[in-house]
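With the sequence shown counted from 1, adding 8 to any position gets you the working numbering. No residue lacks a Cβ here, since even glycine has one placed at the ideal position from N, Cα and C. All figures in this text were calculated on a predicted structure; none of them were measured in a lab. Worksheet: the structure to be examined is printed underneath.
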Amino acid sequence: MSAELSRARAQISAIGTHLKQGKVFPAATALYEAINNILRSQLMKSERDEFARMITDAVYLLNNDKGFRSSYPLLMQYQPGQEKQLAEMLRDVLQELQHSAVTEAKDIIQELQHRREAALERGRLLLVEQKNDEAREVLEKLAREFPEDSDLKARIADLFIKGELYEDAFTYLDEALDLSPDQIHLYNRIGIVLRRLKKFDVAEKYFIRAVPYAKNDANLYFNLGRVYVDWERFDKAEKAARIALRITPSFEEAKKMLNFSLRRQGKPIEP
């Protein structure tokens with residue numbers, strides 16, 4: 009038996025296993041590819057009869073599989089010698105299954121998006137009502153459902169920032185940064201939170217972590233400077249403001265920060 013016929017036999021034999029695992033598309037693909045391998049081969053009568061029996065059994069399995077029928081309700085017809093017609097039908101079947109899979113995936117994504125937005129809104133309303141423990145429970149459950157979604161964690165953190173629950177906000181922003189360390193806006197948000205918590209040394213460390221990702225971001229250095237101003241480290245605030253101005257010379261707020269820091273150090277201000 010040729011290599012192609014051996015492969016065809018293995019493909020047909022795997023169809024039942026695919027269907028038991030709920031893998032409808034791989035099952036139909038296996039039969040389609042097996043038939044094409046058979047059509048390309050010269051078969052002896054015994055081989056023709058064997059494959060006809062195998063294909064008949066495979067078609068029966070597919071026609072009686074609930075998952076297959078839900079995606080393709082028409083019964084497939086096969087008689088020995090009609091392999092080419094069956095291959096053409098299977099090509100249509102695979103296109104339909106692919107379309108169904110795409111549609112189903114879109115529906116699942118929309119459902120997940122709806123559930124996520126509903127939970128965020130529920131959390132927001134609970135925070136507005138100052139039912140903080142209930143809000144924490146709702147938002148923590150949501151975050152567990154989407155553990156790799158850094159944007160969702162940042163949105164949850166924003167809700168806690170608006171509710172002035174900065175420790176909670178810090179937790180979610182820290183997790184978001186672990187997932188997406190190159191997202192500069194997260195560093196700026198965590199800087200705001202840590203300033204409110206007066207954890208200036210921690211905020212400094214986070215901004216330093218951000219530098220490799222945003223060496224030319226004037227806002228990053230400006231926000232670092234705000235940490236130093238609150239921390240009353242005016243020499244460092246001066247340095248941060250100068251870097252921001254070197255990147256963006258027209259940055260008026262950075263200029264104000266520079267001169268404020270100079271005054272607090274007893275140095276002359278700069279025009």
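1) Which residues bound the alpha helix (DSSP H) around Met62?
2) Is Leu232 near Phe215, with beta carbons less than 7 Å apart?
3) Measuring only the C-alpha atoms, how far is Gln87 from Leu187?
4) What does the alpha-carbon distance come out to for the pair Arg130 and Glu145?
5) How many angstroms separate the CA atom of Glu246 from the CA atom of Lys149?
6) Assign Gly199 to one of two classes, buried (16 or more other C-beta atoms within 10 Å of its C-beta) or exposed (fewer than that).
7) Just verifying my parser: in three-state terms, what is the DSSP assignment at Ala151?
8) Between Ser10 and Ser54, is the Cβ-Cβ spacing less than 7 Å?
9) Could you check the C-alpha separation between Leu324 and Val210 for me, to the nearest Å?
10) Give me, in chain order, the residues of the same chain whose beta-carbon lies closer than 8 Å to that of Arg203; leave out the 5 immediate sequence neighbours on both sides.
11) Quick check: the Cα distance between Ile192 and Leu181, rounded to an integer number of angstroms?
12) Cβ atoms of Leu167 and Leu135: under 7 Å apart, would you say?
13) Between which two residues does the alpha helix (DSSP H) containing Val101 stretch?
14) Take Arg56 as the anchor and find which of Gln29, Leu70, Arg17, Arg77 has the nearest alpha-carbon.
15) Give the list of continuous alpha helix (DSSP H) stretches no shorter than 4 residues that lie fully inside the region 165 to 209.
16) Using the beta-carbon count (16 or more within 10 Å), is Asn224 buried or exposed?
17) With Arg197 and Ala162 assumed to form a contact (beta carbons below 8 Å), what rounded beta-carbon distance in angstroms separates them?
18) Rounded to the nearest angstrom, what separates Leu128 and Leu147 at their Cα positions?
In short, the structure shows the following:
1) Unbroken alpha helix (DSSP H) run through Met62: 53 to 71.
2) It is a contact, given that the beta carbons lie within the stated cut-off.
3) Distance from the CA of Gln87 to the CA of Leu187, rounded to the nearest whole angstrom, comes to 55 Å.
4) 11 Å
5) 43 Å
6) Buried, by the Cβ-count rule.
7) In this structure, Ala151 counts as helix in the three-state DSSP scheme.
8) no
9) The shown model of the chain, from 9 to 279, leaves out residue 324, and the question about it has no answer.
10) Excluding residues within five positions, the ones whose Cβ falls inside 8 Å are Ala211, Arg234, Val235, Asp238.
11) 12 Å
12) yes
13) 91 to 136
14) Arg17
15) 174 to 187, 192 to 204
16) Under this definition Asn224 is an exposed residue.
17) 7 Å
18) 7 Å
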